[in-house]
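Peer 1: Residue numbers (my numbering): 1 to 243.
1) Can you grab the Cα-Cα spacing for the pair residue 94 / residue 178, in whole Å?
2) Based on the DSSP output, what are the partners of residue 59 in its beta bridges?
3) Between the beta-carbon of residue 102 and the beta-carbon of residue 67, is there less than 8 Å?
4) Unbroken beta strand (DSSP E) runs of length 3 or more, entirely within the segment 155 to 232: which are they?
5) CA-CA distance, residue 44 and residue 204?
6) Residue range of the beta strand (DSSP E) that residue 32 falls in?
7) With a threshold of 16 other CB atoms inside 10 Å of the CB of residue 150, please say whether the residue is buried or exposed.
8) Using the rule of at least 16 other Cβ atoms within 10 Å of the residue's Cβ for burial, across every protein chain shown, is residue 217 buried or exposed?
9) Count the other CB atoms within 10 Å of the CB of residue 198; is the residue buried (16 or more) or exposed (fewer)?
10) For residue 82 and residue 59, which I take to be in contact (beta-carbon distance under 8 Å), what is that distance rounded to the nearest angstrom?
11) Once DSSP output is grouped into helix, strand and coil, what is the label at residue 48?
12) Measure the beta-carbon distance from residue 184 to residue 200 and round it to whole angstroms, keeping in mind my assumption that it falls under 8 Å.
13) Quick check on residue 26: buried or exposed, where buried means 16 or more other Cβ atoms within 10 Å of its Cβ?
14) Hey, out of 77, 155, 165, 29, whose CA is closest to residue 85's CA?
15) Does DSSP put residue 242 in a helix, in a strand, or in coil?
16) Helix, strand or coil: how does DSSP classify residue 145 here?
17) Are residue 71 and residue 49 close, meaning C-beta to C-beta below 8 Å?
18) Taking the alpha helix (DSSP H) that residue 69 belongs to, which residues open and close that run?
19) Less than 8 Å between the C-beta atoms of residue 61 and residue 36, yes or no?
20) Look up residue 152 in the DSSP assignment and say whether it is helix, strand or coil.
21) State yes or no: is the C-beta of residue 142 within less than 8 Å of the C-beta of residue 170?
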């Protein structure tokens, strides 16, 4: 079942998050020192592991490269507001969760990590193999998750949504294919703290960025994120389908 697969995936990701600690580097982001990791894994789950090892950190940052830009995610566990940092690079978000796309201007000062006593190339190869295994496992969840999608209303828009924390970009594209009449779709998951994290995906005819901004989020025309449960989005946006 999807629930059982989710438990297995969570255990797998917990192990990956612990291994990711070997890739932590300290970088300078807008004048602030912070642990930085090059990964596209779930930053919210990874953050708790990094903060446990580095309790002195006000926030952590993760990044990964796409064809058009380097995408950054920032997470804070104190009263340090990372949305102000993201805004300096053209991004946005919430005090505790924000992001931006690096387009070559004002790029954060982050150097490739090196690990004394251990082959960096070997470590990266091992992590890439593990990440490939993770992606293959997660890919199998997309088809299962599609079966649990349902229609909802968000900011006056009728759209299909689904609850799934894995492979959100792939799932978003699959949702757009499954619902050809929908101008946008939503993928969400709930963290241990009760916050519901949303990613909206839109077609060329729909700009999902302004929708996310209304709830304190950020993004562009094709995809945007926001966190339900933060002050800017206190009300419940959609109801779970009756089982």
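Every residue gets a Cβ at the ideal spot worked out from N, C-alpha and C, and that includes glycine.
Peer 2: Quick answer:
1) Walking along the chain shown from the start, residue 94 turns up at place 94. Walking along the chain shown from the start, residue 178 turns up at place 178. C-alpha separation (whole angstroms): 31 Å.
2) Along the chain shown, one-based indexing puts residue 59 at 59. BP columns for residue 59 point to 76.
3) Numbered from 1 along the chain shown, position 102 holds the residue referred to as residue 102. Numbered from 1 along the chain shown, position 67 holds the residue referred to as residue 67. Going by C-beta atoms, residue 102 is not nearer than 8 Å to residue 67.
4) 157 to 163, 184 to 190, 196 to 202, 223 to 228
5) As a first step, residue 44 must be located in the chain shown, where it is residue number 44. As a first step, residue 204 must be located in the chain shown, where it is residue number 204. Distance between the alpha carbons of residue 44 and residue 204 is about 29 Å.
6) Position 32 of the chain shown, counting from 1, holds the residue named residue 32. Here the beta strand (DSSP E) through residue 32 covers 32 to 38.
7) By 1-based counting over the chain shown, the position of residue 150 is 150. Residue 150 comes out exposed.
8) Residue mapping note: residue 217 aligns to position 217 of the chain shown, counting from 1. Result: buried.
9) Position 198 of the chain shown, counted from the first residue, corresponds to residue 198. Counting Cβ neighbours within 10 Å, residue 198 comes out buried, since at least 16 surround it.
10) Position 82 of the chain shown, counting from 1, holds the residue named residue 82. Position 59 of the chain shown, counting from 1, holds the residue named residue 59. Sure, about 5 Å apart at Cβ, within 8 Å.
11) Position 48 of the chain shown, counted from the start, is the residue given in the question as residue 48. Residue 48 falls in the helix class under three-state DSSP.
12) If you number the chain shown from 1, residue 184 lands on position 184. If you number the chain shown from 1, residue 200 lands on position 200. Sure, about 6 Å apart at Cβ, within 8 Å.
13) On the chain shown, position 26 is the one that residue 26 refers to. So residue 26 counts as exposed.
14) In the chain shown, the residue the question calls residue 85 occupies position 85. The shortest Cα separation from residue 85 among 77, 155, 165, 29 belongs to 29.
15) In the chain shown, counting from the first residue as 1, residue 242 sits at position 242. The predicted model places residue 242 with a pLDDT of 48, which falls under 50 and marks its position as unreliable; any figure quoted below should be read in that light. Three-state result, residue 242: coil.
16) Taking the chain shown and counting its residues from 1, one reaches residue 145 at position 145. DSSP places residue 145 in helix when its eight states are reduced to three.
17) Indexing the chain shown from 1 puts residue 71 at position 71. Indexing the chain shown from 1 puts residue 49 at position 49. Cβ atoms of residue 71 and residue 49: not closer than 8 Å.
18) The residue given as residue 69 occupies position 69 in the chain shown. Unbroken run through residue 69: none, as it is neither H nor E.
19) By 1-based counting over the chain shown, the position of residue 61 is 61. By 1-based counting over the chain shown, the position of residue 36 is 36. Cβ atoms of residue 61 and residue 36: closer than 8 Å.
20) The residue labelled residue 152 in the question sits at position 152 within the chain shown. Three-state result, residue 152: strand.
21) Looking up residue 142 in the chain shown gives position 142. Looking up residue 170 in the chain shown gives position 170. Yes; because the gap between Cβ atoms is below 8 Å, this pair is in contact.
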